[in-house]
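Please read the structure below before turning to the comments.
Numbering (the numbering used here), first residue to last: -14 to 326.
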């Protein structure tokens, strides 16, 4: 459920950005709530040729896109059944479980309003080695917990902070399955984020002394942990389970891939919500803002070919949420197929 990018390289090399994706099989209580494991494939965007950048005095984006209104969902299925006891017979009634389409497209999370800042600051640790990469992510994790807890609770769901572990190598065994994995990912079976430190270190150390390359690695993997956390938010609010059910019901590959894109675009959008709420304190300015605009929010699949979304779709959701800091910007499940290409 993540991407692995290549560093923006020097002009003489003019490579393509590679975006790798992994989808994990998850089984909880006998119900499939994850996705079918997909071999990571290279999906490229036009060549990038960044030059050294001298940041101008920056301010946070001021344009506020119009937020799309969403409807309130049915009552949560987690409520206890009620029982009545008439004089002659005993009957019980259980609230109807909301339809999967209602859970994903009319979730109460879309009505909670803007995320408040928790004044999160970018960690001082640098991912020059595995310890530094783990320390970087470990410092961001409490910010994500504090940011999302009140919104999940306000939406009427129980907030349980996901756990996080770190790993390196080419394969991983988890309750969601095992096999080759190239990127960080989230496993709903144990509510765990598996953050792959070696890819972060490689991205950061590939070009020593290059401020653009290093800023890109920091910004990409700040988004990466926020993206995986976004999947945990989907799980806590029932979106991940219902979306997985809907994906399973699709009759063709295109339909299943489109449902996966809705899930992944939303996780990226949730990452944008967190980064937007904390961009002043982080701060996301100078080189970080430059690489965000030029490389991070513009990284995407070819339309209708990948499972994470096209450049246009990334801008439509993650680009918008970086301005609004509002989960209402992230209702990918109510969007037309053309808008989740």
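Where is the CB? At the ideal position from N, CA and C, for every residue including glycine.
All values reported here derive from a predicted model rather than from experimental measurement.
**Item:** Distance between beta carbons of residue 139 and residue 97, contact taken as under 8 Å
**Value:** Taking the chain shown and counting its residues from 1, one reaches residue 97 at position 112. Taking the chain shown and counting its residues from 1, one reaches residue 139 at position 154. So it is a contact: roughly 5 Å between Cβ atoms.
**Request:** Just the C-alpha distance for residue 191 and residue 271, rounded to the nearest angstrom, thanks.
**Result:** The residue given as residue 191 occupies position 206 in the chain shown. The residue given as residue 271 occupies position 286 in the chain shown. Cα to Cα, the separation comes out at about 21 Å.
**Asked** Where DSSP assigns a beta bridge to residue 148, which residues make up the other side?
**Response** Position 163 of the chain shown, counted from the first residue, corresponds to residue 148. 177, per the DSSP bridge assignment.
**Between the CA atoms of residue 201 and residue 216 - distance to the nearest angstrom** = Counted from its first residue, the chain shown places residue 216 at position 231. Counted from its first residue, the chain shown places residue 201 at position 216. Near 23 Å, if we compare the C-alpha coordinates of residue 201 and residue 216.
**Prompt:** Helix, strand or coil: which one does DSSP assign to residue 286?
**Reply:** In the chain shown, residue 286 corresponds to position 301, counting from 1. Three-state DSSP puts residue 286 in a strand.
**Prompt:** Can you name, in chain order, every residue of its own chain whose Cβ lies under 8 Å from the Cβ of residue 148, other than the five neighbours on each side?
**Reply:** As a position in the chain shown, residue 148 is number 163, starting the count at 1. Cβ neighbours of residue 148 beyond the five flanking positions: 175, 176, 177, 178.
**Asked** So, are the CB atoms of residue 259 and residue 319 less than 8 Å apart?
**Response** Position 274 of the chain shown, counting from 1, holds the residue named residue 259. Position 334 of the chain shown, counting from 1, holds the residue named residue 319. No, the Cβ-Cβ distance between residue 259 and residue 319 is not below 8 Å.
**Request:** Return the first residue and the last residue of the beta strand (DSSP E) that residue 321 is part of.
**Result:** Your numbering for residue 321 matches position 336 in the chain shown. Residue 321 -> no beta strand (DSSP E), and no H or E assigned at all.
**Asked** Going by alpha carbons, who is nearest to residue 314 out of 262, 301, 324, 113?
**Response** For the purposes of this step, residue 314 is taken as residue 329 along the chain shown, with counting starting at 1. Measuring from the Cα of residue 314, the nearest candidate turns out to be 301.
**Message:** Can you give me the C-alpha to C-alpha distance between residue 255 and residue 214, rounded to a whole angstrom?
**Reply:** Translated into the one-based positions of the chain shown, residue 255 becomes position 270. Translated into the one-based positions of the chain shown, residue 214 becomes position 229. Cα to Cα, residue 255 sits roughly 8 Å from residue 214.
**Item:** Beta carbon of residue 119 nearer than 8 Å to that of residue 108
**Value:** Here residue 119 corresponds to residue number 134 of the chain shown, with the count starting at 1. Here residue 108 corresponds to residue number 123 of the chain shown, with the count starting at 1. Not a contact, by the Cβ cut-off of 8 Å.
**Request:** Have a look at the DSSP bridge pairing and note the partners of residue 163.
**Result:** Taking the chain shown and counting its residues from 1, one reaches residue 163 at position 178. DSSP, once it has assigned bridges, lists 158 as partnering residue 163.
**Request:** Look up residue 172 in the DSSP assignment and say whether it is helix, strand or coil.
**Result:** Position 187 of the chain shown, counted from the start, is the residue given in the question as residue 172. Residue 172 falls in the strand class under three-state DSSP.
**Asked** From this set, 184, 135, 237, 208, which residue's C-alpha is nearest residue 112's C-alpha?
**Response** Along the chain shown, one-based indexing puts residue 112 at 127. That would be 184, whose Cα lies nearest to the Cα of residue 112.
**Message:** Closest to residue 257 by C-alpha separation, out of 151, 209, 126, 164, would be which residue?
**Reply:** Stepping through the chain shown from its first residue, residue 257 is reached at position 272. Nearest option by C-alpha distance: 209.
**Message:** Quick test of the definition: if touching needs 3 or more C-beta pairs under 8 Å, does the segment 229 to 239 touch the segment 155 to 170?
**Reply:** Touching, no, given that fewer than three Cβ pairs across the two stretches are closer than 8 Å.
**Message:** Going by C-alpha to C-alpha distance, which of 326, 310, 306 sits closest to residue 100?
**Reply:** Along the chain shown, read from residue 1 onward, the residue named residue 100 stands at position 115. Restricting attention to 326, 310, 306, the CA atom closest to the CA of residue 100 is found in 310.
**Message:** Tell me the rounded alpha-carbon separation between residue 274 and residue 81.
**Reply:** Taking the first residue of the chain shown as position 1, residue 274 is located at position 289. Taking the first residue of the chain shown as position 1, residue 81 is located at position 96. So the two alpha carbons sit approximately 46 Å from each other.
**Request:** Please determine, among 154, 115, 94, the residue with the shortest C-alpha to C-alpha distance to residue 317.
**Result:** Here residue 317 refers to the residue found at position 332 when the chain shown is read from its first residue. If we check each option's Cα against that of residue 317, 94 comes out closest.
**Asked** residue 295 bridges to which residues according to DSSP?
**Response** As a first step, residue 295 must be located in the chain shown, where it is residue number 310. Beta-bridge pairing links residue 295 to 286.
**Prompt:** Does the Cβ-Cβ distance between residue 115 and residue 153 come in under 8 Å?
**Reply:** Against the chain shown, residue 115 aligns to sequence position 130. Against the chain shown, residue 153 aligns to sequence position 168. Yes, the Cβ-Cβ distance between residue 115 and residue 153 is below 8 Å.
**Span separating the alpha-carbon of residue 299 from that of residue 282** = Here residue 299 is taken as the residue at index 314 of the chain shown, counted from 1. Here residue 282 is taken as the residue at index 297 of the chain shown, counted from 1. Going from the Cα of residue 299 to the Cα of residue 282 covers about 6 Å.
**Request:** Report the option in 269, 88, 246, 89 whose CA atom is closest to the CA atom of residue 325.
**Result:** Reading the chain shown from its first residue, position 340 is the one you call residue 325. The option with the nearest alpha carbon to residue 325 is 246.
**Prompt:** residue 153 by DSSP, collapsed to three states: which one?
**Reply:** The residue labelled residue 153 in the question sits at position 168 within the chain shown. Three-state result, residue 153: coil.
**Prompt:** Looking at C-alpha atoms only, which residue of 194, 126, 224, 92 is the closest neighbour of residue 207?
**Reply:** Along the chain shown, read from residue 1 onward, the residue named residue 207 stands at position 222. Distances from the CA of residue 207 to each of 194, 126, 224, 92 were compared; the closest alpha carbon is that of 126.
**Alpha-carbon to alpha-carbon, residue 231 and residue 144** = The residue you call residue 144 lines up with position 159 of the chain shown. The residue you call residue 231 lines up with position 246 of the chain shown. The straight-line gap from Cα to Cα measures roughly 24 Å.
**Item:** Test item: CB-CB of residue 180 and residue 166 under 8 Å
**Value:** As a first step, residue 180 is located in the chain shown; it is residue number 195 there, counting from the start. As a first step, residue 166 is located in the chain shown; it is residue number 181 there, counting from the start. With a cutoff of 8 Å on beta-carbon distance, residue 180 and residue 166 are scored as not near each other.
**Message:** What does the alpha-carbon distance come out to for the pair residue 226 and residue 312?
**Reply:** Your numbering for residue 226 matches position 241 in the chain shown. Your numbering for residue 312 matches position 327 in the chain shown. Rounded to whole angstroms, residue 226 to residue 312 spans 18 Å at the Cα level.
**Message:** Are there any heavy atoms of the ligand MG lying less than 7 Å away from the beta-carbon of residue 233, as far as the coordinates show?
**Reply:** Inclusion of the ligand MG in the displayed structure is not the case, the ligand content being empty and no account of it being possible.
**Request:** Consult DSSP for residue 197 and reduce its assignment to one of helix, strand or coil.
**Result:** By 1-based counting over the chain shown, the position of residue 197 is 212. Helix at residue 197.
**Item:** Spatial neighbours of residue 85 in its chain, beta-carbon cut-off 7 Å, leaving aside the 5 residues before and after
**Value:** Residue 85 sits at position 100 when you count from the first residue of the chain shown. Counting only Cβ-Cβ distances below 7 Å, and skipping sequence neighbours, we find 227, 230, 231.
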